Every structure is written in structure tokens, then in C-alpha cells.
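The sequence shown begins at 1274 in the working numbering and counts up by one.
Some notes on the structure that comes next.
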Amino acid sequence: MTTPVIAVDGTAASGKGTLARRLARELGYAYLDTGLLYRATGFMTLSLYPAREDITEELALEAVQAISPETMENPALRDEETTQRASKVAAMPLVRAALIEQQRNFAKNPPEGAGGAILDGRDIGTVICPNADHKIYVDADVEIRAARRVKELLERGDEAIHARVLQDMRERDARDSSRSVAPLVPADDAFIMDTTRMDANAAFAAALEFISKRNESKA
Ligand code: DC
């Protein structure tokens, strides 16, 4: 028997991370934030090659290999500079290829004997786990997502200007959606959620209902 897998994909600050984490807690599944892998890669390029604006695929691949468990815990992974760099390295086919196995292994053998796995990202339902049991795609109006990100940054004690965050988010959306490998698109069989007018509780309830109904219809 294979362990159940839930794929949660979507745009930045759409609420997919909060949703995926909560579903994982509710269902007793292990959770992997795959964006952190791209953030860690971006962060390592900034640490290893601070003076270079033009990171090549080969250098980015070296950065993947230099990621340690400590890198994954570094709060700087959430910094704006790392965020923008993460989106650039995430468009590189060699970087994506180097990170596939780790993600598929997590889905196949979730750690600590968890009953299933939830992965969130951009290409989980389309590339990493195309046979996932449930696929959820989360999006929201870009203005609302920018406002959520500003709130998050201010709560962390960082500076945040709405117009700047909005512009960065638009750039990142465009890069994530237009890249040639694994672009951000909903899987054909994904449950699409627009969280523009939904709070975290409503999104959680809707996703849980979708999962339960599908499980019932499959049983
Ligand atoms: O979800 P996030 O904001 O932490 O993701 C950081 C960057 O990594 C974002 O620009 C998209 C990219 N990413 C990706 O290309 N594929 C994934 N599965 C997860 C994230």
C-alpha cells in the first residue's frame, strides 16, 4: 500500500502554506514546504557568491550541494533578497532536477512514520507527485496577497512598503508562471481555491471538505 499524498500548489502568500500545515496537523501527515528548498538554494548562492549578480546554473547547482540542515533553519530564508533569488534559481532546470528526488522521497516515505505526506509548492501536483491522491491549487488577488505579505513582514519586525512588495510579487508571479520548466499552473484535476475573500479557517474547512468528499467517493 502506498501512503496518501496531498499536493498543495499556488501563488506566493495565497495561504497555501498555512493551509497545508493545518491539514497536515489535522490528518497526522508529514509536511514539506518545498519553497524552502529553493529559498535555501538562493540563500546559498548569495552566501557563496555575494558579488555576483549573474548566477549561472552551474553555480546554483553548487549552491544546492552546499545546503546543510542548518541552512534550512536560517530565518534569512524569508528575507526579500533571498525570496527574489529563490525565484530566479527555481527557473533553472538543473536546480529543479537536483531537488526532485528529495521531494519524491519525502512523499513516498514520510518521516517519523506519518500516515501520509503533504507537500506545498508550485509543481507538486504537476511534476513532483502527478499521482497525488488530492491536489489543491490556491490563489488570491495579487493586491490581497501583497497586503498579507506586508503584514507578515511587519510582524517579523522588518520594513515593508506595500507598493514595493506588490511590485516584487508581480515580478515573482510572472517569473514562476512563465518559466519553461515546471511553471506554476494548476493540475487538470486540482481543486481550485480562491482565498481572496476567505480567511484561514474558511480555507481549511473548504479543503477538508474536498478531501473528505473525494475519499468517500473513492471508498
Ligand atoms: O513558496 P515560496 O514563496 O517559499 O517559494 C519560493 C520560490 O521558490 C518561489 O519563487 C517559487 C519557487 N518554488 C518553485 O518553483 N517550486 C516549488 N515547488 C516551490 C517553490
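Note that CB positions come from ideal geometry on N, CA and C, so glycine has one too.
On a predicted model such as this, the values are computed, not experimentally measured, just so you know.
**OP:** Throw me the rounded Cβ distance for the E1385 and A1303 pair, which I believe falls under 8 angstroms.
**Re:** 7 angstroms
Original post:
Can you tell me whether DSSP reads V1458 as helix, strand or coil?
Top reply: coil
Subject >> Contact test: A1390 Cβ vs the ligand DC heavy atom, cutoff 8 angstroms >> reply: no
**OP:** Give the single residue among E1482, S1490, N1474, T1469 whose Cα lies nearest to the Cα of G1283.
**Re:** T1469
**OP:** Starting from the C-beta of G1389, find all residues in its chain whose C-beta is less than 6 angstroms away, skip the five residues before and the five after it, and write them out in chain order.
**Re:** T1276, P1277, Y1302
Original post:
So L1392 is in the alpha helix (DSSP H); what residue range does that whole segment cover?
Top reply: No alpha helix (DSSP H) contains L1392, which is instead part of the beta strand (DSSP E) from 1390 to 1394.
**OP:** Please classify A1280: does DSSP put it in a helix, a strand, or coil?
**Re:** strand
**OP:** Count the C-beta pairs between the segment 1325 to 1340 and the segment 1296 to 1316 that are closer than 8 angstroms, then say yes if the count reaches three, no if not.
**Re:** yes
Original post:
What number of angstroms, rounded off, separates the C-alpha of H1435 from the C-alpha of K1381?
Top reply: 40 angstroms
Subject >> Whole-number beta carbon distance between M1317 and A1237, since they are thought to touch under 8 angstroms >> reply: Nothing about residue 1237 can be read from this structure; the chain reaches only from 1274 to 1492.
Subject >> N-terminal and C-terminal residue of the beta strand (DSSP E) that M1466 is part of >> reply: 1464 to 1467
Original post:
What residue does the alpha helix (DSSP H) around L1350 start on, and which one ends it?
Top reply: Run containing L1350: none; DSSP gives neither H nor E here.
**OP:** Please classify G1430: is it buried, with 16 or more other beta-carbons within 10 angstroms of its beta-carbon, or exposed?
**Re:** exposed
**OP:** Counting only the same chain and skipping the five closest in sequence on each side, list residues whose C-beta sits under 8 angstroms from that of L1332.
**Re:** T1318, L1321, Y1322, R1325
Original post:
For D1327, which of helix, strand or coil comes out of DSSP?
Top reply: coil
Subject >> A1303 - containing beta strand (DSSP E), residue span >> reply: 1303 to 1306
Original post:
Taking the C-alpha atoms as reference points, what is the distance between D1462 and K1408?
Top reply: 7 angstroms
Original post:
Under a three-way DSSP split, which group does D1472 fall into?
Top reply: coil
Subject >> Span separating the alpha-carbon of L1296 from that of A1433 >> reply: 29 angstroms
**OP:** Answer with buried or exposed for K1289, where buried requires no fewer than 16 other C-beta atoms within 10 angstroms of its C-beta.
**Re:** buried
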